[in-house]
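Below is one structure, written out as structure tokens, with a few remarks after it.
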Amino acid sequence: MNIERAIMLFAGSVILISLLLAHYVSQNWLWLTAFAGVNMIQSAFTGFCLPSIVMRKMGMKGGCTFDRGASSS
556 MNIERAIMLF AGSVILISLL LAHYVSQNWL WLTAFAGVNM IQSAFTGFCL PSIVMRKMGM
616 KGGCTFDRGA SSS
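This is the structure in structure tokens:
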């Protein structure tokens, strides 16, 4: 699995988990859903994605999507 697919898996998981928590625990968990969405939008414009940097340092292979964010480390 490359970094791009791992990022999509991570973001999708955060969104689904926060929606479940909002339904069963407290609606304040929707702020986590909003944060994930805003983070995805800013990474589309800037190319910076903190989880991609962490995953690259853990040895995961990347493609071309998040190269700008990884080169600044």
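Numbering (my numbering), first residue to last: 556 to 628.
Built from N, CA and C at the ideal position, the CB exists for glycine as well.
CA-CA distance, residue 591 to residue 567, rounds to 9 Å. Excluding sequence positions up to five before and after residue 574, its CB lies within less than 7 Å of the CB of 588, all in the same chain and listed in chain order. Within 10 angstroms of the beta-carbon of residue 610 lie 16 or more other beta-carbons, which makes it buried. Leaving aside the five residues that flank residue 584 on each side, the residues in its chain whose CB is nearer than 7 Å to its CB run, in chain order, 573, 576 and 577.
Taking a 10 Å sphere around the C-beta of residue 607, we find 16 or more other C-beta atoms and assign the residue as buried. Classified as exposed, residue 581 has fewer than 16 neighbouring CB atoms from the shown chains inside 10 Å of its CB.
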